[in-house]
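Protein chains in written order, with my numbering: chain R, 355 to 638; chain U, 47 to 489.
Every residue gets a Cβ at the ideal spot worked out from N, C-alpha and C, and that includes glycine.
Encoded as structure tokens, the structure appears first; notes follow it.
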């Protein structure tokens, strides 16, 4: 994975220096694009380490956030391919949606199919939509859509897309307080395999314009999903990443349950700015 | 409360059901409570519990006596103290044939041990028992970081040198720092004070009324000490003869000078200070309970009887209720089951985790809306006469060694009923985890 990041960094430099020839976009993104598949068995040990790192109880059900981590390497490879029109380093994870039809259980072998579903316009640049489908024995258990933003980048032929207006954030009553140490990023990098230097090294993070190391967005999301304590077999989980969390951090959070819908929001108490907004909708 | 024995009940395989008996509170003994990291800094939970037990043994002539059972517990506990109470019994003057067990319900531990021993007496399983609780905030267990712990365990499981190296390679210098027990709630990460600050703001409990409650606690406790109320309830320990947190000379002015320590990040004016919140405290308490027959045989006149208890819990994680609000739900259920109202009580012992905890409970019971929407009652539960509230001081003055608070309250209130000729007392203790335990004690 580190190698992918390094070669991706190299490729990114090349792409900025020498723009690639206009690529055939339908070969890179969309239903006709090349997909990558990953087969992975949910080993009890690997799942348990992940559970403990993000605060999930160690149990037989595999958290969808573990599945995300298994497919992440493949999506990174797709986005750092030679003909991919955007530099992968610097892509920001802005949104993530997961649809779980039935849980994956420890010991099961999952086939993940990862594809760049779309490149589309965004007011701040270009948005990359990556989908991952997780099948067990040919039946789809979980589907995920991840949205990444390449700030300031324009790609000719990108699908035009209007972003929905985000409602202004009003902090709810705080019910949780999270202390996130830099070590948390080390541990999450180890259990998820996401060794992006912006999470692990202060200098690297500053080189990319952050104030310091930032926690993995998917850690925050996974920790929030754990706090939501969803026990339904089927659910939809929507996450929006607003601003990154610089480490070390103490952030405010709230879990609000209303029937089948549980909201988990994380924000900066002093500035009143949101870090992550999420909703879990349980389905019967 | 009387109950008819079911002598002619339906056929059953077991022998005849014995009648439920009364569980008498005969007395208690505690060590003076001391602020953390002071006089008891080098005493362990087991040391303090053993001393409190021995004081009780001496007072009631129980040396060498085999008690039915001793129930005890501590909230902050070393992992080696798996048999804390039994070890304390073995170190005490009680017969080594006295069985013991530990239980835990956070700050309600000391009351839950009392309820547990009382129920065994009521059912005829034991004749006499001791309930106890202890906590040291000074001699706290220090643990290693989660990273170091899991690495050491992995190292222990590793069979080959490469496996061992791989395990150790993950360690970072920061992992070697020791970890102290946190007073944060496990699921929310907020400290108890921050949780209560949210509830305090929601209920609009003011700074002055909190300081007034704290002042009353110190004055009542000091007056009780001065008139000798605690002479047969407390045994000096390590040179300490009175609760060290007590400030008899406290004034509203001195309390008003303290800066708020909780709720400073909230939009409401912060009101909770070190003066109207309980400090970390070390201490231990015990209560002697028995059947009426056993008490008569020993020539001990019971002080009072433990009649009934009710626990409640609230969903504070989902933000639906404040962390320490559970007693507000337990009390009405307890009253309803026993067909009682506030007017039937001569004294109310409401544990002062924070002054505002007591005040929010009182406000909740006076609130028509809370009683209707949250408790499902037609009318508010009503007000409590402040003269009947914590008449001998409570945790704000005495301090709060978590598991020892229940025993302090039960023994004191039983003696208070006896002294004043009162008939009935309500005891209420809030606890971490959104829990609360309440009980009725009758003369």
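Proximity to residue 581 of chain R [Cα-Cα], best of R/570, R/534, R/610: Stepping through the first chain from its first residue, residue 581 of chain R is reached at position 227. Of the candidates R/570, R/534, R/610, the one whose C-alpha sits nearest the C-alpha of residue 581 of chain R is R/610.
Below-9 Å beta-carbon distance, residue 584 of chain R vs any chain U residue: Translated into the one-based positions of the first chain, residue 584 of chain R becomes position 230. So, not an interface residue.
Which whole runs of the beta strand (DSSP E) in the region 453 to 482 of chain R are 3 residues long or more, in chain order? 463 to 476
By the criterion of Cβ-Cβ separation under 9 Å, what are the contact partners of residue 220 of chain U in chain R? Sequence index remark: in the second chain, residue 220 of chain U carries index 174 (1-based). Neighbours of residue 220 of chain U on chain R, chain order: 535, 536, 537.
On the three-state DSSP scale, how would you describe residue 475 of chain U? The count along the second chain starts at 1 and reaches residue 475 of chain U at position 429. Correct three-state label for residue 475 of chain U: strand.
Start and end residues, alpha helix (DSSP H) containing residue 186 of chain U: As a position in the second chain, residue 186 of chain U is number 140, starting the count at 1. Segment: none, residue 186 of chain U is in no alpha helix (DSSP H) and carries neither H nor E.
Cα-Cα separation, residue 284 of chain U to residue 256 of chain U: By one-based count along the second chain, residue 284 of chain U stands at place 238. By one-based count along the second chain, residue 256 of chain U stands at place 210. Approximately 33 Å, taken between the alpha carbons.
Name the residues in the region 243 to 254 of chain U whose C-beta lies less than 9 Å from a C-beta of chain R; which are they? 244, 248
Just to confirm, are residue 500 of chain R and residue 475 of chain R a CB contact at a threshold of 9 Å? Within the first chain, residue 500 of chain R is the residue found at index 146, counting from 1. Within the first chain, residue 475 of chain R is the residue found at index 121, counting from 1. The answer is no: Cβ separation not under 9 Å.
Which partner residues of residue 177 of chain U appear in the DSSP bridge assignment? Taking the first residue of the second chain as 1, we reach residue 177 of chain U at position 131. Paired residue(s): U/117, U/333.
Range covered by the beta strand (DSSP E) that runs through residue 482 of chain U: In the second chain, counting from the first residue as 1, residue 482 of chain U sits at position 436. Run containing residue 482 of chain U: 481 to 488, per the beta strand (DSSP E) assignment.
CB-CB length for residue 488 of chain R against residue 464 of chain R, believed under 8 Å: Looking up residue 488 of chain R in the first chain gives position 134. Looking up residue 464 of chain R in the first chain gives position 110. Right, the Cβ-Cβ distance comes to about 5 Å (below 8 Å), so this counts as a contact.
Report yes if the C-beta distance between residue 222 of chain U and residue 191 of chain U is below 9 Å; otherwise report no. Here residue 222 of chain U refers to the residue found at position 176 of the second chain. Here residue 191 of chain U refers to the residue found at position 145 of the second chain. In contact: residue 222 of chain U and residue 191 of chain U (Cβ atoms closer than 9 Å).
Looking at the C-beta of residue 239 of chain U, does it have a partner C-beta in chain R at a distance below 9 Å? Along the second chain, one-based indexing puts residue 239 of chain U at 193. No, residue 239 of chain U lies away from the interface with chain R (no Cβ there is under 9 Å from its Cβ).
DSSP state of residue 388 of chain U mapped onto helix, strand, coil: For the purposes of this step, residue 388 of chain U is identified with residue 342 of the second chain, where counting begins at 1. Of the three classes helix, strand and coil, the one that applies to residue 388 of chain U here is helix, per DSSP.
Excluding the 5 residues preceding and the 5 following residue 384 of chain R in the sequence, name in chain order all residues of the same chain whose CB lies nearer than 7 Å to its CB. For the purposes of this step, residue 384 of chain R is identified with residue 30 of the first chain, where counting begins at 1. So the list reads 471, 472, once near-sequence residues are dropped.
How is residue 52 of chain U classed by DSSP in three states: helix, strand or coil? As a first step, residue 52 of chain U must be located in the second chain, where it is residue number 6. Low confidence applies to residue 52 of chain U: its pLDDT is 44, below 50, so where it sits in the model is not reliable, and the reading given next is rough at best. If DSSP states are grouped into helix, strand and coil, residue 52 of chain U belongs with coil.
What span of residues does the alpha helix (DSSP H) with residue 73 of chain U cover, start to end? Here the question's residue 73 of chain U lines up with position 27 in the second chain. Run containing residue 73 of chain U: none in the alpha helix (DSSP H); it sits in the beta strand (DSSP E), 69 to 76.
Where residue 357 of chain U and residue 411 of chain U are concerned, what is the direct C-alpha to C-alpha distance, given to the nearest angstrom? As a working mapping, residue 357 of chain U is identified with position 311 in the second chain. As a working mapping, residue 411 of chain U is identified with position 365 in the second chain. Cα to Cα, the separation comes out at about 17 Å.
Against residue 479 of chain U, what residues of chain R qualify as contacts under a CB-to-CB distance less than 8 Å, listed in chain order? As a position in the second chain, residue 479 of chain U is number 433, starting the count at 1. The contacting residues do not exist; residue 479 of chain U stays about 14 Å from chain R at best.
With DSSP run on the structure shown, which of helix, strand or coil describes residue 413 of chain U? Locating residue 413 of chain U in the second chain gives position 367, counting from the first residue. Coil, per DSSP.
Report yes or no: is there a C-beta of chain R within less than 9 Å of the C-beta of residue 196 of chain U? Taking the first residue of the second chain as 1, we reach residue 196 of chain U at position 150. Closer than 9 Å to some Cβ of chain R, the Cβ of residue 196 of chain U qualifies, so yes.
Could you have a look at residue 623 of chain R and say whether DSSP puts it in helix, strand or coil? Mapped onto the first chain, residue 623 of chain R falls at position 269. In this structure, residue 623 of chain R counts as coil in the three-state DSSP scheme.
In chain R, which residues lie less than 9 Å from residue 193 of chain U when you measure between Cβ atoms? Position 147 of the second chain, counted from the start, is the residue given in the question as residue 193 of chain U. Neighbours of residue 193 of chain U on chain R, chain order: 537, 540, 541.
Starting from residue 6 of chain U, trace the beta strand (DSSP E) in both directions and tell me its first and last residue. As displayed, chain U neither begins before 47 nor continues past 489, which places residue 6 of chain U out of reach and without an answer.
Between residue 183 of chain U and the ligand MN, is there a pair consisting of the residue's CB and a ligand heavy atom that are separated by less than 8 Å? As far as ligands go, the structure on display features none, and thus does not contain the ligand MN.
Residue-level contact to chain R via CB, residue 55 of chain U, 9 Å cutoff: Numbered from 1 along the second chain, position 9 holds the residue referred to as residue 55 of chain U. Interpretation of residue 55 of chain U is limited by its pLDDT of 46, a score under 50 that renders its predicted location unreliable; the figure taken from the coordinates is listed afterwards. Residue 55 of chain U does not count as touching chain R.
Residue of U/441, U/469, U/66 minimising C-alpha distance to residue 267 of chain U: Reading the second chain from its first residue, position 221 is the one you call residue 267 of chain U. Of the candidates U/441, U/469, U/66, the one whose C-alpha sits nearest the C-alpha of residue 267 of chain U is U/441.
Look at the Cβ atom of residue 134 of chain U, then the Cβ atom of residue 156 of chain U, and state whether they are nearer than 9 Å. Here residue 134 of chain U refers to the residue found at position 88 of the second chain. Here residue 156 of chain U refers to the residue found at position 110 of the second chain. Not in contact: residue 134 of chain U and residue 156 of chain U (Cβ atoms no closer than 9 Å).
Please say whether residue 418 of chain R and residue 647 of chain R have beta carbons closer to each other than 9 Å? Lying outside 355 to 638, the shown extent of chain R, residue 647 of chain R is not represented and no answer is given.
Using the beta-carbon count (16 or more within 10 Å), is residue 419 of chain U buried or exposed? In the second chain, residue 419 of chain U corresponds to position 373, counting from 1. Its Cβ having fewer than 16 others within 10 Å, residue 419 of chain U is exposed.
So, does the CB of residue 233 of chain U fall closer than 9 Å to a CB anywhere in chain R? Locating residue 233 of chain U in the second chain gives position 187, where the first residue counts as 1. At least one chain R Cβ lies under 9 Å of residue 233 of chain U.
Out of curiosity, what's the CA-to-CA distance linking residue 627 of chain R and residue 330 of chain U? By 1-based counting over the first chain, the position of residue 627 of chain R is 273. By 1-based counting over the second chain, the position of residue 330 of chain U is 284. Their Cα atoms are separated by approximately 46 Å.
Going along chain U in order, which residues have a C-beta closer than 7 Å to the C-beta of residue 591 of chain R? The sequence position of residue 591 of chain R within the first chain is 237, counting from 1. Per Cβ cutoff of 7 Å: no residues; residue 591 of chain R is ~17 Å from chain U at best.
Put residue 171 of chain U into one of helix, strand or coil per three-state DSSP. On the second chain, position 125 is the one that residue 171 of chain U refers to. Residue state, collapsed to three classes: coil.
Residue 422 of chain R beta carbon less than 9 Å from that of residue 498 of chain R: In the first chain, counting from the first residue as 1, residue 498 of chain R sits at position 144. In the first chain, counting from the first residue as 1, residue 422 of chain R sits at position 68. Yes, the pair counts as a contact, with Cβ atoms nearer than the cut-off.
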